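In our numbering, the protein residues as written are 2 to 440.
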């Protein structure tokens, strides 16, 4: 039985890291550090739980079940396909993939354009070139190790480490007192910030591509593929954690300066303070590399998934369609994409987290048919109602009930509901067994 060499494991881990690490992952940690100031440590711990811990667990769980749709079928046969399609569409062509092009344009390219340049035309030209390159890199998904792991990812890591090293040699400032949101509950605030990276959803998507690249190395044994996937996930998570720590410390050093509107401004402030105006070009390159690698990961994983559902439409055809679709959506602009993506992701993200945790402990309650349906469906109901309330759509009675649940003010009431329903399903299962025994 062939096993994965250490060299290939490292390259696979770098490839997986690059698929996770997009522009959002780049800008959240420094913004967290700048806002948290002296409370950066507990905030960072909370952030690492959801931005690193859950994605690593997601890779492990998807590898164990050999696909998101198989895992989701534990809830219900129909739900398995529905939820898998919903996740792939959300993290793929409808929301996340278009954002990989619009974010670097608005944060890195637009500020460099000469006065008088048409932003809409520039966006169209940029996204066309961006998605053309992404399409070319994605045409053979089994070659991602060569294209991402050996070239693009090392370049991205070198640039980030260079910025951090420059900050160590030339400190930008001392940590200041935290902003109000981080002063009272920095751990929970950090947890929620990591929650918004969407990497737990991405992990459920990327598992299929990771397995494909492992098999391309000549590893055919299912158990070895799963083991290698878990090792690569853990190593990629370690790299993510190290980079997040660097970026958070970079932001913390700026906590005494005026807080920007977002993490991109925080990172731009750091880079321009260290390298002057030429730092904007460094920023542009970092954003482009981070978003391109993530875009390639999303296009390949979504194309692989949908081609497995449609025998008459192959991977190449799906790749071309999804690339062109994402190109069209991206030209609506970043603000329009974010206005749709945030509510949708807030509704489905809690279900994904619960599904990952349930899948992790599956051997302990494999014969219990109540745990997955009761826990996941109840989590979904609460997360949907909570987000509708946030959008101003209140349901009399239910909304007031949810507001009285623990952690409701932090939009985490689904955690309590999931725990209660998990316990209830265990009790009901035992009662059913006792009833059958007495019959």
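Heads up, the beta-carbon is just placed ideally off N, CA and C, and yes, glycines get one too. Predicted, not measured: the structure shown is a model, and the values here were computed from it.
Short check: CB of residue i to CB of residue j, under 8 Å?
i	j	result
residue 349	residue 18	no
residue 273	residue 255	no
residue 5	residue 229	yes
residue 160	residue 71	no
residue 322	residue 105	no
residue 301	residue 142	yes
residue 250	residue 34	yes
residue 426	residue 369	yes
residue 245	residue 48	yes
residue 367	residue 227	no
residue 371	residue 413	no
residue 140	residue 317	yes
residue 20	residue 207	yes
residue 30	residue 261	no
residue 411	residue 193	yes
Can you give me the start and stop residues for the alpha helix (DSSP H) that residue i sits inside?
i	result
residue 9	7-21
residue 1	Within the shown structure, residues of the chain are numbered from 2 to 440, placing residue 1 beyond reach of any answer.
residue 401	399-404
residue 223	223-253
residue 395	Run containing residue 395: none; DSSP gives neither H nor E here.
residue 194	187-196
residue 81	78-92
residue 258	No alpha helix (DSSP H) contains residue 258, which DSSP labels as neither H nor E.
residue 1	One cannot answer for residue 1 here, as it falls past the ends of the chain, which runs 2 to 440.
residue 169	154-170
residue 135	120-139
Residues in the same chain with beta-carbon distance under 7 Å from residue i, minus the five sequence neighbours each way, listed in chain order, please.
i	result
residue 205	59, 63, 69, 88, 353
residue 374	76, 77
residue 233	10, 13, 14, 17, 211
residue 178	38, 39
residue 172	254
residue 196	51, 350
residue 132	102, 324, 327, 328
residue 341	96
Whose CA, out of the options, lies closest to the CA of residue i?
i	options	result
residue 290	11, 27, 13, 5	27
residue 199	174, 118, 279, 295	295
residue 40	105, 164, 187	187
residue 97	327, 407, 196	327
residue 121	365, 329, 32	329
residue 124	109, 301, 138, 135	109
residue 309	49, 67, 20	67
residue 163	247, 201, 318, 22	247
residue 103	368, 411, 341, 332	332
residue 182	306, 43, 424, 414	43
residue 377	422, 392, 432	422
residue 383	189, 432, 409, 250	409
residue 303	152, 191, 93	93
residue 168	276, 65, 424, 90	276
residue 189	45, 23, 170	45
residue 297	357, 22, 8	22
residue 235	100, 432, 61, 25	61
residue 32	258, 222, 416	258
residue 107	65, 127, 116	127
residue 345	90, 79, 362, 36	90
residue 358	389, 219, 416, 311	416
residue 337	20, 175, 100, 432	100
residue 320	135, 129, 30, 115	135
residue 242	221, 216, 158	158
residue 1	8, 80, 25	Examination of residue 1 is not possible in this model, given that the chain is present from 2 through 440 alone.
Of all Cβ atoms in chain C, is any one closer than 8 Å to the Cβ of residue i?
i	result
residue 427	Considering every chain present, this structure includes no chain C. It has just one protein chain.
So, at 8 Å on beta carbons, what are the nonlocal neighbours of residue i in its own chain, with the 5 sequence-adjacent residues on each side left out?
i	result
residue 281	109, 112, 113, 269, 272, 273
residue 361	58, 61, 62
residue 454	Residue 454 lies beyond the residue range present for the chain, which begins at 2 and ends at 440; the question has no answer from this structure.
For residue i, I'd like the list of residues in its chain whose CB is within less than 6 Å of its CB, leaving aside the five on either flank, ordered along the chain.
i	result
residue 418	379, 383
residue 85	69, 70, 73
residue 238	53, 57
residue 314	none
residue 36	180, 183
Measuring from the CB of residue i, is there a heavy atom of the ligand SAH at a distance below 7 Å?
i	result
residue 162	Looking at this structure, you won't find the ligand SAH or any other ligand, since it has none at all.
What are the complete alpha helix (DSSP H) segments, minimum 4 residues, inside the region 19-73?
-> 24-37, 41-49, 55-66, 69-73
Hey, which unbroken runs of the alpha helix (DSSP H) at 4 residues or more fall wholly within the region 311-381?
-> 316-331, 335-361
Entirely within the region 256-308 and at least 4 residues each: give me those alpha helix (DSSP H) ranges in chain order.
-> 264-276
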